[in-house]
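Engineer: Residue numbers (the working numbering), protein chains in the order written: chain A, 1 to 288; chain B, 1 to 635. We put the CB at the ideal spot given by N, CA and C, even for glycine. Input: one structure, supplied below.
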Amino acid sequence: MDFLGLKLATCSCDKSIRLFDLNWSTGNQTFVAELKGHEGPVWQLAWAHPRYGTILASCSYDRRVIIWKETDGKWEMHHNYDGHDSSVNSVCWAPPEWGLMLACGSSDSSITVLSFNNDRWVASKIPNAHTLGCNAVSWAPVTFTGDKPGEGQLVKRFVSGGCDNLVKIWKEEHDHWIEEVKLEGHSDWVRDVAWAPTAGLARMKIASSSQDRRVIIWNNREGDGVTWTPEPLHVFDDVVWHVSWNFIGDILAVSGGDNQVSLWKKQESGSWECITTDSKSQNEHRTL
Amino acid sequence: MELVRYSGQRPSKVPKISLSFGPNGLISSALHNAGGEVGDFLEMKLESMDNQTQLRHFGISTIEIFSAAQREYNRYYPDPVPQKLITSFSVAYRGTVLELVESLQNSSASRELAMLYSHLDCVWHFCEIMFISSNPELPILPYYMDWIKANFDDSDEVLMRLIPEFPELDPEGLDLLWKIIYKHSFHGRTNEAAKLLEFTNLEQSSVFGEQLALMAELMQKKPFFNPAKNSVSEFNTVWQNWKEECENRLSNLAFLGSDQLTLLAKVLVGREDGFEEAKLHISTWYEYLSMMLNYQYPLLRPASLKAYAQKGIDFYGDFSIVLSPLDKIFLAAMDYDIVTVLKDMQTNWNHPWFPLHFSDLIFTGGVYSNVADTRIDYKSVGPIRHDMVREYGIQMMQHPALWEVGVKYLEAIPKKMGLPVIAELLQRRKPISEYEAEKIIRIAKKYDFKYENHGICRELALEKLKYGQLQNSLLWAIRAEDAQLTATVIDQILQQGKLDIVPSLIELLPKFTACGDRLLFLNGFCEFTKLSTSGRLKEAVELLCRLIEQNLIPKPIRPKLLTSLRDILSANDIKLEPVEVSILMQFLHTKVGKEVLGNEIFQQLNKILVSSRASEMLVQFNLSKKLTRVPVPKV
């Protein structure tokens, strides 16, 4: 879903991308366009921040990353990156404060960061980021050090998860990307990572999900991005494919091979609990 | 069977559920089947308590108190906030809760919720006594009595039903009356109990009547400590004297024959066996404690309450009572353990309302007041307060109707915590009307959220454009300061051909000319139209020439402009300056042309311009001829 929740983009193994307009008041979705350009299953999509226009990134088994742009109601291929040697599994846009910047994780074990500067796209590659392949990437939010949004830190970071069972944090230093932290906790491939929005708080969290059926929350309470403490969320019945934070970073959505979607929130007691949408259950939770 | 790992691929036969959070805290998940077709979109939404009308009203009432409280704190700062003021806000919060309880009780579907909020009020009231309103140097009894009356006494309602039957009560009525007298007495409200005693003498027995009068006299004599009138030692003397009198009456069997009066006498004296018997007529250990305070420890100070409460619990429950969550919270409050109270309320209630608002009062009391209690851990309250306010503010900001309430809460925490959240949630807010958009923009401007302001205006401009509301779209594009979008909208306006811009928009245009050439042209064109319609035709033509010189006139509009010029020039006798003729002639021939303008209009306009040039040349010629006829003196 896009930033404002007005558009939905879906991707599929049939190599196509479909776009829909959403109307939450009527509950309907209207098909808008089909984007064809990939030559293999499309694995993931990511909407850029609306301040840059209507832009969508896609990645595919065909080893390519395509950036699509809508102009005057028409969708066109804005950029086509084919610098990977294997399937590209994940794409994620950086916070808008960094400009138009896209991280791409691939099965060729590398990660590429594409940046749009001076009307052209520039690629910065991290070779051998994860042995056997990178499955997921997610950017760190900009942490504000001043009183107003915009007075932020200058360090760019993102997290990746791969087939080496590792979660890694990457930091930009002198125009290069270096591995800052390696987080060991999973016993099988890491399938998804999600860096929680901070929305003004100093502490940081990353959620990772894995083939080992676990979701781990990595906590960085000092906000320095260096010292991370693992906190197991839950062991599920099947592989956990995706994790996603709400935009305040206090609710985590988890989906997996057990066909379940669950929402998790940290309670006052300090433990993560699965919260439901049933209001009766909410009332039953009250003991007073 | 070998487990096949797909490098980077997901097994295509396994359905995958993708996740995406929307702007209103929604999550949509799409189930894809193996054929790659899109399944249903599922919307999961956290049900908010605030969806009920009464709760919404409650939320609004509460924020009014909260906002007033913040204003007062800031007004007093850096001077301390008077304790009375903090107490008054606490009482106001309770008032809203009670109002809510009443409205929920009237609806059969919400009785359970009414009870929950009633409990909330009970806890809040007690915590108010312990943490805010009571004086640590004075007895807690008066406050405790108020609390007991407010939360554990329904005798007024029962009495209202009985009064019509006075003085002839049936046995059931008499029984009820004695229950009320017991309640009043055990809760320390002996004067009220005394007034009801005479109505128990149904048979008008003289002996019993005397006993009742005696008991009433004892009850009315019960001393109450008033620090304004007595010292502690003075009160102790009066108290001891009264106790002696009660003891004497009891020992002298003054109430022989009446079990009820005997029980009351034992309680007045503070005897354990009296309390034991009284247990049959009370329902909580809180009422047992009330008896202890009234008849054994009337001067007990707040800090000592916990020890006696524990005793009361043990004696009431015969040392086997299991404490409820509510009990634990009361005991934590008696320990001044504000952190436990707040956390337990949050855990048991599963809603931040109580910890948020109560911690705000305590935080204020600790930071801003001059009666800060050294037993309270104010340092820990601050972070709890900020977290609770933040969480509640976030919840509220995602509510379709109460989002502004959320902003007010988030404004009350340190800027580093609140502003990023406001910015994040504000920019995802899709306004349902322009009125709401204005509200959002006002907030964005207040905090200098430039990107958010731009984003909101831009989205509105795009929406208006989508629905063909071009002028409205233009207004929002201008406000977004988005030159490209503004140009796009103006081009659409020009393509439409209807250049009747509303006056209010025309008035605004000069302020926004920084938004590109299109806007400059539109501004100029509106001015040209104004001059033309008001008859200032010469100025209109001058302006048109300037627009041509600055190359501001977009191609689509050129034919229309020249047609208007033709109409103006052909209907009016306007003397064109030579430079104007040159500009217009060049424009006509090189920038527009016959094919675009149409042969007829082209020819007519060309003729007018040529005539004007010719006239000018003739004038120049005649002038030069006149000059040549002037005789030259012969040398």
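Quick check: B/S206 and B/K183, are their CB atoms within less than 8 angstroms of each other?
Structural biologist: One-based indexing of the second sequence puts residue 206 of chain B at position 206. One-based indexing of the second sequence puts residue 183 of chain B at position 183. No, these two residues do not count as a Cβ contact at 8 angstroms.
Engineer: Using a C-beta cutoff of 8 angstroms, does A/F247 count as contacting chain B?
Structural biologist: Against the first sequence, residue 247 of chain A aligns to sequence position 247. With 8 angstroms as the cut-off, A/F247 counts as an interface residue toward chain B.
Engineer: Could you tell me the boundaries of the alpha helix (DSSP H) in which B/Y144 lies?
Structural biologist: Looking up residue 144 of chain B in the second sequence gives position 144. Judged by DSSP secondary structure, B/Y144 falls within the alpha helix (DSSP H) whose first and last residues are L141 to F152.
Engineer: With distances taken from CA atoms, which of B/R458, B/Q427, B/I282 and B/T563 is nearest B/F186?
Structural biologist: Residue 186 of chain B sits at position 186 when you count from the first residue of the second sequence. Of B/R458, B/Q427, B/I282 and B/T563, the residue nearest in Cα terms is B/I282.
Engineer: With DSSP as the reference, label A/A79 as helix, strand or coil.
Structural biologist: In the first sequence, the residue the question calls residue 79 of chain A occupies position 79. Here residue 79 of chain A is His; the residue named in the question, Ala, does not match the sequence. It is a strand residue.
Engineer: Taking 7 angstroms as the limit between beta carbons, can you name the residues of its chain near A/P95, skipping five residues before and five after?
Structural biologist: On the first sequence, residue 95 of chain A is found 95 positions in, with the first residue counted as 1. Close CB contacts of A/P95 within its chain, under the 7 angstroms cut and outside five residues either way in sequence, are with W139, P141 and V142 (chain order).
Engineer: Does the beta carbon of A/R214 sit closer than 8 angstroms to a beta carbon anywhere in chain B?
Structural biologist: Position 214 of the first sequence holds residue 214 of chain A. By this cut-off, A/R214 is not an interface position.
Engineer: Starting from the Cα of B/E103, find the closest Cα among B/H57, B/V81 and B/S90 and give me that residue.
Structural biologist: Numbered from 1 along the second sequence, position 103 holds the residue referred to as residue 103 of chain B. Checking the sequence, you will find Ser at residue 103 of chain B rather than Glu. It is B/H57.
Engineer: Can you tell me whether DSSP reads A/M101 as helix, strand or coil?
Structural biologist: Position 101 of the first sequence, counting from 1, holds the residue named residue 101 of chain A. In this structure, A/M101 counts as strand in the three-state DSSP scheme.
Engineer: Cutting at 8 angstroms between CB atoms, please list the residues of its own chain near B/G35, excluding the five before and the five after it.
Structural biologist: Locating residue 35 of chain B in the second sequence gives position 35, where the first residue counts as 1. Note that B/G35 scores 47 on pLDDT, short of 50, meaning its location in the model is unreliable; the coordinates nonetheless yield the value given after this. Hits under 8 angstroms: none found.
Engineer: Residues in its own chain within less than 6 angstroms of A/W75 by CB, not counting five upstream and five downstream?
Structural biologist: Indexing the first sequence from 1 puts residue 75 of chain A at position 75. Within the same chain, A/W75 has close Cβ partners A33, L35 and W68.
Engineer: One question on the structure: do B/L474 and B/I493 come within less than 8 angstroms of each other, judged by their Cβ atoms?
Structural biologist: As a working mapping, residue 474 of chain B is identified with position 474 in the second sequence. As a working mapping, residue 493 of chain B is identified with position 493 in the second sequence. Yes, the Cβ-Cβ distance between B/L474 and B/I493 is below 8 angstroms.
Engineer: Thinking B/L361 and B/F89 are a contact (beta carbons under 8 angstroms), I'd like their distance in whole angstroms, please.
Structural biologist: Position 361 of the second sequence, counting from 1, holds the residue named residue 361 of chain B. Position 89 of the second sequence, counting from 1, holds the residue named residue 89 of chain B. With 8 angstroms as the limit, B/L361 and B/F89 qualify as a contact, their Cβ atoms being about 6 angstroms apart.
Engineer: Tell me whether A/H49 sits in a helix, a strand or coil according to DSSP, three-state version.
Structural biologist: Reading the first sequence from its first residue, position 49 is the one you call residue 49 of chain A. Coil, per DSSP.
Engineer: Identify, in the order they occur along the chain, each residue of the same chain with its Cβ nearer than 6 angstroms to the Cβ of A/S87, setting aside the five sequence neighbours on each side.
Structural biologist: On the first sequence, position 87 is the one that residue 87 of chain A refers to. Sequence-distant partners of A/S87 (beyond 5 residues in either direction) whose C-beta falls short of 6 angstroms from its own C-beta, in its chain, are Y61 and S107.
Engineer: Could you tell me which residues DSSP puts in a beta bridge with A/N220?
Structural biologist: For the purposes of this step, residue 220 of chain A is taken as residue 220 along the first sequence, with counting starting at 1. DSSP, once it has assigned bridges, lists A/M204 as partnering A/N220.
Engineer: Going by other Cβ atoms of all chains shown within 10 Å of its Cβ, with 16 needed for buried, is A/R63 buried or exposed?
Structural biologist: For the purposes of this step, residue 63 of chain A is identified with residue 63 of the first sequence, where counting begins at 1. With 16 or more other Cβ atoms within 10 Å, it is buried.
Engineer: Is B/T347 close to chain A? Criterion is C-beta to C-beta, closer than 8 angstroms.
Structural biologist: The residue you call residue 347 of chain B lines up with position 347 of the second sequence. True, the Cβ-Cβ gap to chain A drops below 8 angstroms.
Engineer: Since B/V638 meets chain A, which of its residues come closer than 8 angstroms, beta carbon to beta carbon?
Structural biologist: A query on residue 638 of chain B cannot be resolved here, the shown segment of chain B reaching from 1 to 635 and no further.
Engineer: May I ask you to list, following chain order, the residues of the segment 251-269 of chain B that have a beta carbon less than 9 angstroms from some beta carbon of chain A?
Structural biologist: Listed by position along the chain: nothing, the set is empty.
Engineer: According to a CB-to-CB cut-off of less than 7 angstroms, which residues of the segment 405-437 of chain B neighbour chain A?
Structural biologist: K415, K416, M417, G418, L419, P420, V421, A423, E424, R428 and K430
Engineer: Please list the partners that B/K343 has in chain A, where partner means a Cβ-to-Cβ separation under 9 angstroms.
Structural biologist: One-based indexing of the second sequence puts residue 343 of chain B at position 343. Ordered by position in chain A, the residues that pass the 9 angstroms Cβ test against B/K343 are E268 and S269.
Engineer: When the distance is taken between beta carbons, is B/V541 closer than 8 angstroms to B/L576?
Structural biologist: Here residue 576 of chain B is taken as the residue at index 576 of the second sequence, counted from 1. Here residue 541 of chain B is taken as the residue at index 541 of the second sequence, counted from 1. Yes. Within cutoff.
Engineer: Less than 8 angstroms between C-beta atoms, sequence neighbours within five positions excluded: which residues of the same chain meet that for B/M617?
Structural biologist: For the purposes of this step, residue 617 of chain B is identified with residue 617 of the second sequence, where counting begins at 1. So the list is empty, once near-sequence residues are dropped.
Engineer: What do you reckon, are the CB atoms on B/G188 and B/S290 nearer than 8 angstroms?
Structural biologist: In the second sequence, residue 188 of chain B corresponds to position 188, counting from 1. In the second sequence, residue 290 of chain B corresponds to position 290, counting from 1. Yes, the Cβ-Cβ distance between B/G188 and B/S290 is below 8 angstroms.
Engineer: Specify the secondary structure class of B/N252 as computed by DSSP and reduced to three states.
Structural biologist: Here residue 252 of chain B corresponds to residue number 252 of the second sequence, with the count starting at 1. In the structure shown, B/N252 sits in coil (DSSP, three-state: anything other than H, G, I, E or B).
Engineer: Among residues of its own chain, excluding the 5 on either side of B/T87, which ones have a beta-carbon nearer than 8 angstroms to its beta-carbon?
Structural biologist: Within the second sequence, the letter at position 87 stands for residue 87 of chain B. Cβ within range, chain order: E128, I132 and S133.
Engineer: Of the residues B/K221, B/N230 and B/N226, which one's Cα is nearest the Cα of B/E244?
Structural biologist: Taking the second sequence and counting its residues from 1, the one referred to as residue 244 of chain B is at position 244. Of B/K221, B/N230 and B/N226, the residue nearest in Cα terms is B/K221.
Engineer: Quick check on DSSP: helix, strand or coil for A/T143?
Structural biologist: As a first step, residue 143 of chain A must be located in the first sequence, where it is residue number 143. It is coil, neither helix nor strand.
Engineer: Enumerate in chain order the residues of its own chain whose CB-to-CB distance from B/K591 is below 7 angstroms, with the five nearest sequence positions on each side excluded.
Structural biologist: Counting from 1 along the second sequence, the entry for residue 591 of chain B is found at position 591. By the criterion of a C-beta distance shorter than 7 angstroms, B/K591 is surrounded in its chain by R558, once the five residues flanking it on both sides are discounted.
Engineer: Just the C-alpha distance for A/L233 and A/Q44, rounded to the nearest angstrom, thanks.
Structural biologist: Residue 233 of chain A sits at position 233 when you count from the first residue of the first sequence. Residue 44 of chain A sits at position 44 when you count from the first residue of the first sequence. Their Cα atoms are separated by approximately 25 angstroms.
Engineer: Just to confirm my understanding: we take B/M1, look at its own chain, exclude 5 residues before and 5 after, and list those with CB closer than 7 angstroms. What are they?
Structural biologist: The residue you call residue 1 of chain B lines up with position 1 of the second sequence. Below a pLDDT of 50, predicted positions are generally treated as unreliable, and B/M1, at 21, falls in that range; no measurement from the model is reported.
Engineer: Grab me the residues of B/Y117's own chain with a C-beta within less than 6 angstroms of its C-beta, minus the 5 sequence neighbours each way, in chain order.
Structural biologist: Looking up residue 117 of chain B in the second sequence gives position 117. Correct list, in chain order: V97, L100 and V101.
Engineer: Can you tell which of B/K445, B/Y392 and B/I456 has the C-alpha that lies nearest to the C-alpha of B/P431?
Structural biologist: Residue 431 of chain B sits at position 431 when you count from the first residue of the second sequence. Among B/K445, B/Y392 and B/I456, the Cα nearest to that of B/P431 belongs to B/I456.
Engineer: Below 8 angstroms CB to CB, which residues in the same chain sit around B/Q620 once its five sequence neighbours on both sides are set aside?
Structural biologist: For the purposes of this step, residue 620 of chain B is identified with residue 620 of the second sequence, where counting begins at 1. No residues qualify anywhere along the chain.
Engineer: Measure the CB-CB distance between B/R518 and A/F3 and report whether it falls below 8 angstroms.
Structural biologist: The count along the second sequence starts at 1 and reaches residue 518 of chain B at position 518. The count along the first sequence starts at 1 and reaches residue 3 of chain A at position 3. Cβ distance not < 8 angstroms, so B/R518 and A/F3 don't count as in contact.
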